[in-house]
Amino acid sequence: MAIVVFDVGGTAVKYGLWKDDDLSHTDSFPRPDTWQEMKNHLEVVVDSFKEQEEITGVALSVPGAVDSAAGVIGGTSAVPYIHGFPIVSQLEEVFHLPVTIENDANCAALAEVWRGAAKDVANSLFLIIGSGIGGALVLNKELVKGPQLFGGEFGYMLMEGNQTLSRLASPVVVARKFGRDHLDGQKLSGKELFDLADAGNQEASAVIDKMYDYLARAIVNLAVSFNPDKVLIGGGISSREDLLPIVRTKVERLREQVMAKGLVIEIETCQFNNQANLIGAVANFMSLKQK
Numbered sequence: 007m008a009i010v011v012f013d014v015g016g017t018a019v020k021y022g023l024w025k026d027d028d029l030s031h032t033d034s035f036p037r038p039d040t041w042q043e044m045k046n047h048l049e050v051v052v053d054s055f056k057e058q059e060e061i062t063g064v065a066l067s068v069p070g071a072v073d074s075a076a077g078v079i080g081g082t083s084a085v086p087y088i089h090g091f092p093i094v095s096q097l098e099e100v101f102h103l104p105v106t107i108e109n110d111a112n113c114a115a116l117a118e119v120w121r122g123a124a125k126d127v128a129n130s131l132f133l134i135i136g137s138g139i140g141g142a143l144v145l146n147k148e149l150v151k152g153p154q155l156f157g158g159e160f161g162y163m164l165m166e167g168n169q170t171l172s173r174l175a176s177p178v179v180v181a182r183k184f185g186r187d188h189l190d191g192q193k194l195s196g197k198e199l200f201d202l203a204d205a206g207n208q209e210a211s212a213v214i215d216k217m218y219d220y221l222a223r224a225i226v227n228l229a230v231s232f233n234p235d236k237v238l239i240g241g242g243i244s245s246r247e248d249l250l251p252i253v254r255t256k257v258e259r260l261r262e263q264v265m266a267k268g269l270v271i272e273i274e275t276c277q278f279n280n281q282a283n284l285i286g287a288v289a290n291f292m293s294l295k296q297k
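Structure follows, in structure tokens:
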């Protein structure tokens, strides 16, 4: 079985080939500006793989409120033209193959539950940190999506006034605000913000520490709500070696403050990093097509 798999993001579309229980031929292209251009790019990739392999299906990880059964993406995202129409049907007409879709954060969770850091536990929570904060809730090894598909949308949690977790704990958002407030409007990436802090910039260190405070607060709130076996953090930030020690310390202090005696909050990083969405899209395809 060979599956072409895509991860549609706000700036780029990653892709690869799943064959013989392994992901290979990974690459990416810039995210197209229109739906027609997107279909053309996807078709070129699939056709190129068809020249080499017998392709049995196409699996996609996408942003938004994904109704996998209906084949429609609701809500909004950084890819505005993929929402509100039968996208799976259209893609099946293009590829002449079975197609599945799932939310990107859910795909990351599916990858970790299938073969990664959550494979040995029943109940897990995921915080996927990037330009916003996506999440996923897994109970008894199954995604809990809810009737309006908001299950696991932890980024919407109100943390302070009308400020959400996504606004307060996303390095992308925090860096953008830091550039406005401290660098005369200079555009700053999340990585550049961390680079400033690592170089000794005290103001950058302070806003990053505050960002970690909000992340820790969210984890404690989720832990006392769901009592998961594990909380897993994904996204680019998860590659930082100082992430887990800092967040674990802050979480433990908060746990003591709320006097949640006996509560164990196990926090880990996701195993698959940049390939998590691709591998999770494969897991979703296999699950849906084997039913």
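Here my numbering is used: position 151 in the sequence shown is 157, and no number is missing along the way. Quick reminder that beta carbons are idealized off the backbone N, C-alpha and C, glycines included.
Beta-ladder partner(s) of residue i, from DSSP
{"i": "valine 105", "result": "Val64"}
{"i": "proline 36", "result": "Ala18"}
{"i": "asparagine 9", "result": "The sequence given here places isoleucine at residue 9; asparagine does not occur at that position. Paired residue(s): Trp24 and Gly63."}
{"i": "aspartate 300", "result": "Outside the modelled stretch of the chain, which goes from 7 to 297, sits residue 300, for which no answer is possible."}
{"i": "isoleucine 273", "result": "Val237"}
{"i": "leucine 133", "result": "Gly141 and Ile239"}
{"i": "alanine 71", "result": "Gly80"}
{"i": "methionine 49", "result": "Looking at the sequence itself, residue 49 is glutamate, so the reference to methionine does not match. Its beta-bridge partners do not exist; DSSP assigns none."}
{"i": "threonine 170", "result": "Leu164"}
{"i": "glutamate 148", "result": "Leu145"}
{"i": "leucine 29", "result": "Trp24"}
Residue i vs residue j beta-carbon contact at 8 angstroms
{"i": "lysine 236", "j": "valine 127", "result": "yes"}
{"i": "cysteine 276", "j": "alanine 123", "result": "yes"}
{"i": "valine 115", "j": "glycine 286", "result": "Checking the sequence, you will find alanine at residue 115 rather than valine. The answer is yes: Cβ separation under 8 angstroms."}
{"i": "isoleucine 107", "j": "valine 68", "result": "yes"}
{"i": "valine 100", "j": "phenylalanine 91", "result": "no"}
{"i": "leucine 238", "j": "glutamate 118", "result": "yes"}
{"i": "glutamate 34", "j": "lysine 56", "result": "The sequence given here places serine at residue 34; glutamate does not occur at that position. Cβ distance not < 8 angstroms, so serine 34 and lysine 56 don't count as in contact."}
{"i": "aspartate 110", "j": "aspartate 39", "result": "no"}
{"i": "glycine 22", "j": "glycine 136", "result": "no"}
{"i": "leucine 194", "j": "alanine 229", "result": "no"}
{"i": "aspartate 73", "j": "glycine 63", "result": "no"}
Cα-Cα separation, residue i to residue j
{"i": "glutamate 198", "j": "glutamine 192", "result": "11 angstroms"}
{"i": "methionine 165", "j": "alanine 71", "result": "22 angstroms"}
{"i": "glycine 158", "j": "aspartate 248", "result": "25 angstroms"}
{"i": "isoleucine 75", "j": "serine 293", "result": "For the sequence presented, residue 75 should be read as alanine rather than isoleucine. Answer to the nearest angstrom: the Cα atoms are 12 angstroms apart."}
{"i": "leucine 97", "j": "lysine 45", "result": "7 angstroms"}
{"i": "asparagine 279", "j": "leucine 250", "result": "15 angstroms"}
{"i": "lysine 295", "j": "cysteine 113", "result": "16 angstroms"}
{"i": "leucine 143", "j": "leucine 29", "result": "25 angstroms"}
{"i": "asparagine 233", "j": "isoleucine 273", "result": "12 angstroms"}
{"i": "glycine 161", "j": "glycine 138", "result": "7 angstroms"}
{"i": "histidine 188", "j": "proline 36", "result": "31 angstroms"}
{"i": "asparagine 207", "j": "glycine 196", "result": "14 angstroms"}
{"i": "glutamine 42", "j": "leucine 174", "result": "35 angstroms"}
{"i": "serine 211", "j": "leucine 171", "result": "19 angstroms"}
{"i": "histidine 102", "j": "glutamate 60", "result": "13 angstroms"}
{"i": "leucine 260", "j": "isoleucine 225", "result": "10 angstroms"}
{"i": "arginine 182", "j": "histidine 89", "result": "26 angstroms"}
{"i": "leucine 66", "j": "leucine 48", "result": "10 angstroms"}
Classification of residue i by the beta-carbon crowding that lies within 10 angstroms, buried from 16 upward
{"i": "glycine 16", "result": "exposed"}
{"i": "alanine 205", "result": "exposed"}
{"i": "lysine 267", "result": "exposed"}
{"i": "serine 54", "result": "exposed"}
{"i": "proline 86", "result": "exposed"}
{"i": "glycine 4", "result": "Residue numbering for the chain in the displayed model covers 7 to 297; residue 4 lies beyond these limits and cannot be assessed."}
{"i": "valine 264", "result": "exposed"}
{"i": "phenylalanine 132", "result": "buried"}
{"i": "serine 176", "result": "buried"}
CB-CB length for residue i against residue j, believed under 8 angstroms
{"i": "alanine 222", "j": "valine 253", "result": "6 angstroms"}
{"i": "asparagine 146", "j": "asparagine 129", "result": "7 angstroms"}
{"i": "glycine 240", "j": "isoleucine 134", "result": "4 angstroms"}
{"i": "lysine 256", "j": "aspartate 219", "result": "6 angstroms"}
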